[in-house]
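Protein chains in written order, with the UniProt record's numbering: chain A, 1 to 527; chain B, 1 to 527.
Even for Gly, the Cβ is constructed at its ideal location relative to N, Cα and C.
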């Protein structure tokens, strides 16, 4: 995806909305985690990412008896993935300390991040995301309390140097985990299928670890609020932690900082203060309406609807400017659509479906608001739907096509199901055909797109196939040892990194947390 | 030299003395240094250490207009060497900051420390002394205030990564220099010889930068109080800054923590609290008496003499246990003598001379103290001197010999001169012979030994040769661009590192500060 670099974009700043966002800021909950074992990170080509964490010969309960010199290393295992801050006490043994202590710390979601730490960095994203620190301590004993927040399961401390006359000893390692919610708030599911129960549990942990000051996309990398991710996180949150304030806060952040034209940023920053990014994605902008709709469904919060309905309306109006008189969407290069990371398929029809999906939700909000303009949107919807049915649905193949070359791809079918462009029976048949012709899914690397495929299966009545995909996709990550679900996963190439570096992959990423929503909504009927 | 690793040594702890040491702690003076130019560190084989700092195309006054991205670097030049702390303001330009900033900072006394920073470390000392930091800043703008103290002239900031969407800008770089004295306290000399005036100025700056909470050996590396260095620093201090309290503090630190047998450590640590090192050097122990003597000469401080005379006496007694009935010293492997770093010459005769040197000073103190034991020491002195004259002075060559193989080396001659074993005429002839046969000096890498050679020249009446050596040795460092004098320098191999790594060399080292003492005492007669 091309990121805009235009810094001349003019944004509005609705201070009343931003104040409401601040007022809804969650009080973080802290939990002290004491590592439960020491591990060694061992090269193992049989493991997915080439490394395994095996129990160290050194026992955790004897920690204070071990001393470490130049090039020696210890690795704490927190037992599962956490987000928070680390501290440890250090002292020297031997002769008086005749040189500083110099250590490297590596915080790793997966063993590969420790294993590859000293390889030259080949990743496409900023190397600054790698969770490593180099620390000098001039005098010992000392308590090392790192200021920065990390997302990790493993904490490696490599001693770069002491001196030949003394070594370093460690004690009292602590990880203060943080989140705006607690795991104990949510009851584990009992679906009767242990694999699904486990997938639900990992989903919950993923969501939990991403629920911080805002809904973050990944607590290791990016650490910010994206509209597309927010929509899925909010849905999973309603089905589980049910934290109203955090969704409200995020809605007001987006609603408080559109461009002067009313375009909504694809993501916002909240540090050092609230800042909208200059990245705009067509589908993500539409999801503002979608998130407001879902939120209102959940909480019937009139005040928020009254505040943010005009923002949604303007963004819908802007999106509709790209629709021609026949009801067909024409994407603008300056306002790309996301749908999925993959760039090698035509996204026009998917984008048309997302527009219909959001417009339907908007019309429901317009009804609640008794907006006198509602008929205009209803007319637009009718036009969009019929254009989709008549011009994008291929009568011969019974599949949706996309773009001038009438490409058939899986995203178009799934989004058209989610948009409800066909009647229920048509949706069922469409997904039957999709399963027959386009499954198994290939070339999709994001749990984000897999979510939409899976929800389309559930929604169209293909429950068995939906459960199979849950297991084949999220279950495969569990099989590979995921404590939380990953930003990127391609079952046909499971060690894929979209960034040319496994170390920079995010192994706890919000948009992968939706199985808890899908399981609880479609299998347990907790709607 | 072999360092002892025996941690079972029992030390005394005279809290009254340590409290007096604390009470004499200097109030550090702070000076804000704003870098005066930006430089580039350029590879240049014609330069002594292979690199040169040349003025950057970027102008310091335009600093805030430059922005830096991945792998870009800027280097501040403070104009000369300083010891202290660094701060700089940072901000981002471009799109909102979508990744942390990751920078490396290098604090360098010499350009080579920046030039070689990413070479694999091959040095013999702990790599932890290299003055570099890796810093992540999650949000900008920020003020970066580093906690640690550095010794440097150059501060390099290398941007490891920003992101393609933004860059970093720097402003308000500041170096808060610290010392227990100020350069303005001392008048520059006017010898009539600009080269000597410059050597004196560089000596003063060296001493100034080493005068911190204690007299440090090197503010970049080791950063602690050594007895041998203290003796020379105190002498230079009397001739210049004349800070009584700092010498007093250091005397009480050594005097307050001997072993239970009365042996005085070669060095002490003062952080995290006062700790004697488990390293003992025969000559350094003797210098405790020497320092006390010089201090009393300077200030006639009765209280300190009363307190510390017994400590000196015990240490002299201990040293004398190694002298046989004929007045010859027999060194003990467990208590090595330093004299110089070089290990390839016999040090027995030098050690005998140091003993005589210190014993003479002790007897003067004993006279002041009217110690009834004085005659015992006088007898020992007579024995030591006559054994030296009769058994160590070779009548044929008119030079002192050392060890069973009757080795002739420069250290023996010079220390025998300083100890005054021969009458003045004998000393003159001895040094005439030494100059003829053993000059130019070879194989000596320490300004410490060069000091003793030079003082022996002055003391024996070879003023012209002494001035020549000042210029050939310390003047050569000035010629090579020294802002402060170095820990190690061998004129015949000027890029020598005793540690197999120029980056770990200390380029501001206390024991090289003595020209200011030699010039002011022997050339200007400020005794």
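| Asked | Found |
| --- | --- |
| So, does the CB of residue 1 of chain A fall closer than 8 Å to a CB anywhere in chain B? | Its pLDDT being 30, under 50, residue 1 of chain A is placed unreliably in this model, and the value from its coordinates should be taken loosely. No, residue 1 of chain A does not count as interfacial toward chain B. |
| DSSP state of residue 528 of chain B, grouped into three classes? | Nothing in the structure corresponds to residue 528 of chain B, since chain B is present only between 1 and 527. |
| Going along the chain, which residues of the region 326 to 348 of chain B sit with their C-beta nearer than 9 Å to a C-beta in chain A? | none |
| Give me whichever residues DSSP pairs with residue 91 of chain A in a beta bridge. | A:169 |
| Using the beta-carbon of each residue, which ones in chain B are nearer than 9 Å to residue 278 of chain A? | 95, 96 and 165 |
| Report the option in B:470, B:260, B:240 and B:59 whose CA atom is closest to the CA atom of residue 186 of chain B. | B:240 |
| Rounding to the nearest angstrom, what Cα-Cα distance links residue 130 of chain A and residue 122 of chain B in this structure? | 27 Å |
| The alpha helix (DSSP H) with residue 161 of chain A in it runs from where to where? | Not the alpha helix (DSSP H): residue 161 of chain A falls in the beta strand (DSSP E), residues 150 to 161. |
| I'd like the span of the beta strand (DSSP E) that includes residue 41 of chain B, first residue to last. | 37 to 43 |
| Applying the criterion that 16 or more other CB atoms from any shown protein chain within 10 Å of the CB defines a buried residue, is residue 464 of chain B buried or exposed? | exposed |
| Please check if any C-beta of chain B sits within less than 8 Å of the C-beta of residue 129 of chain A. | yes |
| Since residue 272 of chain B meets chain A, which of its residues come closer than 8 Å, beta carbon to beta carbon? | 139, 140 and 141 |
| Can you tell me whether residue 307 of chain B is buried or exposed, with buried defined as 16 or more other CB within 10 angstroms of its CB? | buried |
| With 8 Å set as the bound, which would you pick, yes or no: does the beta-carbon of residue 161 of chain A sit closer than that to a beta-carbon of chain B? | yes |
| What distance in whole Å lies between the Cβ atoms of residue 433 of chain A and residue 381 of chain A, which are believed to be in contact at a cut-off of 8 Å? | Not a contact, Cβ separation roughly 25 Å. |
| Apart from the five residues on each side of it in sequence, which residues of its chain come closer than 8 Å, Cβ to Cβ, to residue 301 of chain B? | 244, 248 and 295 |
| Evaluate residue 525 of chain A with the Cβ neighbour count: other Cβ atoms within 10 Å of its Cβ, from every protein chain shown; 16 or more gives buried, anything less gives exposed. | exposed |
| Using 8 Å as the threshold, is the C-beta distance between residue 155 of chain A and residue 75 of chain A below it? | yes |
| By the 10 Å Cβ neighbour count, where 16 or more other Cβ atoms means buried, how is residue 148 of chain B classified, buried or exposed? | exposed |
| Kindly indicate if chain A contains any beta-carbon less than 8 Å away from that of residue 99 of chain B. | yes |
| Just the Cα atoms here: how many angstroms apart are residue 1 of chain B and residue 336 of chain B? | The pLDDT assigned to residue 1 of chain B is 30, lower than 50, so where the model puts this residue is not dependable; a value taken from the coordinates is nonetheless given after this. Their Cα atoms are separated by approximately 8 Å. |
| If contact means a Cβ-Cβ distance below 7 Å, which residues of the region 61 to 88 of chain B contact chain A? | none |
| Which term fits residue 462 of chain A, buried or exposed, when burial requires 16 or more other beta carbons within 10 angstroms of its beta carbon? | buried |
| I think residue 48 of chain A touches residue 495 of chain A, with their Cβ atoms under 8 Å apart; what is that distance to the nearest whole Å? | 6 Å |
| Check for me: the alpha helix (DSSP H) holding residue 206 of chain B runs from which residue to which? | 194 to 210 |
| Is the shortest distance between the beta-carbon of residue 479 of chain B and the beta-carbons of chain A less than 8 Å? | no |
| For residue 13 of chain B, go through chain A and note every residue whose CB falls closer than 9 Å to its CB, in chain order. | None at all; the shortest Cβ gap to chain A is about 14 Å. |
| Per DSSP, residue 511 of chain A is paired with what? | Answer is none; residue 511 of chain A lacks a bridge partner. |
| Are the region 136 to 145 of chain B and the region 36 to 54 of chain B touching by the rule of at least three beta carbon pairs closer than 8 Å? | no |
| Apart from the five residues on each side of it in sequence, which residues of its chain come closer than 7 Å, Cβ to Cβ, to residue 51 of chain B? | 41, 42, 43, 44, 111, 112 and 115 |
| Would residue 269 of chain A pass as an interface residue toward chain B - the criterion being a Cβ-Cβ separation below 8 Å? | yes |
| Is residue 288 of chain B helix, strand or coil by DSSP? | helix |
| For the beta strand (DSSP E) that residue 108 of chain B lies in, which residues bound it at each end? | 101 to 108 |
| Whose C-alpha, out of A:475, A:435, A:401 and A:415, is nearest the C-alpha of residue 197 of chain A? | A:475 |
| Would a C-beta distance cut-off of 8 Å place residue 274 of chain A and residue 96 of chain B closer than the cut-off? | no |
| Could you check the C-alpha separation between residue 328 of chain B and residue 100 of chain A for me, to the nearest Å? | 41 Å |
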